[in-house]
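Participant: Okay, here's the structure, questions in a sec.
There are 2 protein chains.
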Amino acid sequence: MTATNTGRGPRSRDAILQAASDLCGELGYAAVTMEAIATRARVGKPTLYRWWPSKGAVFLDVVLDRIVEPAIELPDTGDMARDLRTWIRGFADLFTDPHARQLLVGLLGAAQTDTELATMLREKVQRPLQAGNRQRIAAAQAAGELPAMDPVLLEELLISPPWYRLLVSGEPVTREYADELVDAVLSIRLERPSAKQPPR
Amino acid sequence: MTATNTGRGPRSRDAILQAASDLCGELGYAAVTMEAIATRARVGKPTLYRWWPSKGAVFLDVVLDRIVEPAIELPDTGDMARDLRTWIRGFADLFTDPHARQLLVGLLGAAQTDTELATMLREKVQRPLQAGNRQRIAAAQAAGELPAMDPVLLEELLISPPWYRLLVSGEPVTREYADELVDAVLSIRLERPSAKQPPR
DNA sequence: CTGTCAAAACTGAACGTTACGTTTCGCTAG
DNA sequence: CTAGCGAAACGTAACGTTCAGTTTTGACAG
Numbered sequence: 001m002t003a004t005n006t007g008r009g010p011r012s013r014d015a016i017l018q019a020a021s022d023l024c025g026e027l028g029y030a031a032v033t034m035e036a037i038a039t040r041a042r043v044g045k046p047t048l049y050r051w052w053p054s055k056g057a058v059f060l061d062v063v064l065d066r067i068v069e070p071a072i073e074l075p076d077t078g079d080m081a082r083d084l085r086t087w088i089r090g091f092a093d094l095f096t097d098p099h100a101r102q103l104l105v106g107l108l109g110a111a112q113t114d115t116e117l118a119t120m121l122r123e124k125v126q127r128p129l130q131a132g133n134r135q136r137i138a139a140a141q142a143a144g145e146l147p148a149m150d151p152v153l154l155e156e157l158l159i160s161p162p163w164y165r166l167l168v169s170g171e172p173v174t175r176e177y178a179d180e181l182v183d184a185v186l187s188i189r190l191e192r193p194s195a196k197q198p199p200r
Numbered sequence: 001m002t003a004t005n006t007g008r009g010p011r012s013r014d015a016i017l018q019a020a021s022d023l024c025g026e027l028g029y030a031a032v033t034m035e036a037i038a039t040r041a042r043v044g045k046p047t048l049y050r051w052w053p054s055k056g057a058v059f060l061d062v063v064l065d066r067i068v069e070p071a072i073e074l075p076d077t078g079d080m081a082r083d084l085r086t087w088i089r090g091f092a093d094l095f096t097d098p099h100a101r102q103l104l105v106g107l108l109g110a111a112q113t114d115t116e117l118a119t120m121l122r123e124k125v126q127r128p129l130q131a132g133n134r135q136r137i138a139a140a141q142a143a144g145e146l147p148a149m150d151p152v153l154l155e156e157l158l159i160s161p162p163w164y165r166l167l168v169s170g171e172p173v174t175r176e177y178a179d180e181l182v183d184a185v186l187s188i189r190l191e192r193p194s195a196k197q198p199p200r
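In order, the protein sequence lines correspond to chains B and P.
For the first sequence, full-length UniProt numbering assigns the number 1 to the initial residue and increments by one for each residue that follows.
For the second sequence, full-length UniProt numbering assigns the number 1 to the initial residue and increments by one for each residue that follows.
So, in structure tokens, the structure goes:
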């Protein structure tokens, strides 16, 4: 709603995103201010606020431009198990890189207390990927390549442990961990598909 | 390091935590200020800063006192599968309650840009629970009640999807979802324990 | 193709506001 | 009489906005 830069961006969009990204690397997400971004990018503060409603919105675009687009799509080589492994390894790599980590953690943290930002994040990052992934998963399930279960849950079983480590436990997310995780999830054999039995 | 209130708390500790909790319910985490907490609790600001270094630290104690202690321990009835179901259902209930949700999301969000707070959170919440849980899980695995795999990963497979929904996707965490999740994880049958094959 | 000009967008500085975290003051309870 | 506390006041920092004055852009006349 508020200033989605759907039209064209500001003249020096790149300089601004670059400044924000650099400052985040130098000072950490929390210490970056809108003033500092404007100064570094040699841009007036009003220009900044004209196109982005908040610091978080700026960093959302930083992440979209430099992180998500190149690195987070589920590949498609025909071998689903392998694709999933590659995909989760991508997250591991991303969550291990200090700069990307700073950006993602700061952004997600901000989104926890900024509804506007959370919405934009889900619409621009989550949603676009989700739909395709679930379809792919469902297709692979139909072909017997993946455990027969709710595709949403299957996706979450793969993707949430890395996020949990990033945002909650702080444990490192290595490639070995990624592989171990994918192996475990691919080993699910539900006796009755979508079993639901109450605990008592 | 900075003012861990390890000694005894301030005289009106309860009034302060109550004020913080109430304000969070009324205004949302982000809108609560240290000033407001002090005023509401009829306490001087210096007193607040004497015992807690930041808003996040206050809310950490709120969560510890009113959320974690009562509600997050893995029960022990002898039936591990059932205990796990109860445990994850507990998280579902917690993440569904609007007040608890506000508190947890705000606190975790703040922890993403406050190292001090993140450390305290892990030491006071994560660590105490973790050790016991992993031991229980390992024992149950030895008894053949749970899939034979890294207990750390097994715990994460159960606990991270709810956290993911809370902090990343925003999807609701229902009891049905909790059950579905536990069923899926308990259905893991690793052909070769800890299989690792590179994707190419 | 080029010179001119109006409109749009930009920079930089300044402003009021808000919350921070600290300091000071005076009361009050022990 | 003194130690500790609540209340108020203070300096600092960043917010988000407003206001000039300047630069850039693109269209059109020559």
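Here a beta-carbon is modelled for each residue, glycine too, at the ideal position from N, C-alpha and C.
So that I know if they touch, is there some Cβ in chain P lying closer than 8 Å to that of Q112(B)?
Facilitator: By this cut-off, Q112(B) is an interface position.
Participant: Under 8 Å by Cβ, that's how I've got L103(P) and L167(P) pegged, so tell me the actual separation to the nearest angstrom.
Facilitator: About 13 Å separates the two Cβ atoms, so there is no contact after all.
Participant: Using C-beta distances below 7 Å, list every residue in its chain close to D83(P), excluding the 5 sequence neighbours before and after it, in chain order.
Facilitator: Taken in chain order, the residues that qualify are L74, P75, D76 and T77.
Participant: Of all the residues that make up the segment 121-148 of chain B, which are near chain P by a beta-carbon distance shorter than 7 Å?
Facilitator: Listed by position, the residues of the segment 121-148 of chain B near chain P (Cβ gap below 7 Å) are R122 and Q126.
Participant: Please state whether DSSP places I37(B) in a helix, a strand or coil.
Facilitator: Three-state DSSP puts I37(B) in a helix.
Participant: Going by C-alpha to C-alpha distance, which of S54(B), D114(B) and T96(B) sits closest to P172(B)?
Facilitator: P172(B) has its Cα closest to that of T96(B), out of S54(B), D114(B) and T96(B).
Participant: Can you pull the chain B neighbours of D150(P), defined as C-beta to C-beta under 9 Å?
Facilitator: In chain order: E180 and A184.
Participant: Alpha carbon to alpha carbon, how far is L27(P) from A143(P)?
Facilitator: Rounded to the nearest angstrom, the two C-alpha atoms are 49 Å apart.
Participant: Along the chain, where does the alpha helix (DSSP H) containing L84(B) start, and where does it finish?
Facilitator: M80 to T96 is the extent of the alpha helix (DSSP H) around L84(B).
Participant: Which chain P residues are close to R189(B), counting only those with a beta carbon under 8 Å from its beta carbon?
Facilitator: In chain order: S187, I188 and R189.
Participant: Please state whether the Cβ-Cβ distance between L53(B) and E156(P) is less than 8 Å.
Facilitator: Sequence inspection shows Pro at residue 53(B); the Leu mentioned does not correspond to that position. Contact: no.
Participant: State the CB to CB distance for the pair G56(B) and A71(B), rounded to an integer number of angstroms; the pair is presumed to be in contact (CB under 8 Å).
Facilitator: About 20 Å; that fails the 8 Å criterion.
Participant: Nearest to T86(B) by CA position, among R189(B), S187(B) and D183(B), is which residue?
Facilitator: Of R189(B), S187(B) and D183(B), the residue nearest in Cα terms is D183(B).
Participant: Consult DSSP for A3(B) and reduce its assignment to one of helix, strand or coil.
Facilitator: The predicted model places A3(B) with a pLDDT of 35, which falls under 50 and marks its position as unreliable, so this point remains unresolved.
Participant: If we cut at 8 Å on Cβ distances, does W52(B) have a partner in chain P?
Facilitator: Closer than 8 Å: no.
Participant: Determine the chain P residues that contact A118(B) at a beta-carbon separation under 8 Å, and present them in chain order.
Facilitator: G170, listed in chain order.
Participant: Under 8 Å, Cβ to Cβ, is there at least one residue of chain B near L105(P)?
Facilitator: What sits at residue 105(P) in the sequence shown is Val, not Leu. Closer than 8 Å: yes.
Participant: Which stretch, first to last residue, makes up the alpha helix (DSSP H) that contains D61(P)?
Facilitator: Note, D61(P): alpha helix (DSSP H), K55 to V63.
Participant: Determine the extent of the alpha helix (DSSP H) in which T114(P) is found, giving its start and end residues.
Facilitator: Note that residue 114(P) is Asp in the sequence shown here, rather than Thr. No alpha helix (DSSP H) holds D114(P); DSSP gives it neither H nor E.
Participant: How would you list, in chain order, the residues of chain P whose beta-carbon sits under 9 Å from the beta-carbon of E26(B)?
Facilitator: Simply none; closest approach about 15 Å.
Participant: Looking at A148(B): is its Cβ nearer than 8 Å to the Cβ of L190(B)?
Facilitator: A contact, by the Cβ cut-off of 8 Å.
Participant: Assuming L17(P) contacts D61(P) (C-beta within less than 8 Å), just tell me the rounded distance between them.
Facilitator: So it is a contact: roughly 6 Å between Cβ atoms.
Participant: At the 8 Å Cβ level, is P75(P) part of the contact set with chain B, yes or no?
Facilitator: No, P75(P) lies away from the interface with chain B (no Cβ there is under 8 Å from its Cβ).
Participant: Rounded to a whole number of angstroms, what is the C-alpha to C-alpha distance between I159(B) and M80(B)?
Facilitator: I159(B) and M80(B): Cα-Cα distance of roughly 15 Å.
Participant: By the criterion of Cβ-Cβ separation under 8 Å, what are the contact partners of W163(P) in chain B?
Facilitator: The answer, in chain order, is S160, W163, Y164, L167 and V168.
Participant: Quick one: which residues of the UniProt DNA-binding region "H-T-H motif" (33-52) of chain P get their C-beta closer than 7 Å to a C-beta of chain B? List them in chain order.
Facilitator: The residues in question: there are none.
Participant: For the alpha helix (DSSP H) containing T47(B), list its first residue and its last residue.
Facilitator: Counting along the chain, the alpha helix (DSSP H) containing T47(B) begins and ends at K45 to W51.
Participant: Measure how close the beta-carbons of V32(P) and A15(P) come, nearest whole angstrom, since I'm counting them as under 8 Å.
Facilitator: The pair is not a contact, with the Cβ atoms about 15 Å apart (cut-off 8 Å).
Participant: Can you say whether Q112(B) is buried or exposed, counting buried as having 16 or more other CB atoms within 10 angstroms of its CB?
Facilitator: Burial call: buried.
Participant: For D65(B), which residues of its own chain have a beta-carbon under 7 Å away from its beta-carbon, when the five flanking residues on both sides are left out?
Facilitator: Once the five neighbours on either side are set aside, the close Cβ partners of D65(B) are L17.
Participant: Chain B partners of E156(P), CB-CB under 9 Å?
Facilitator: In chain order: S160, P161, Y164, R165, S169, E171 and L181.
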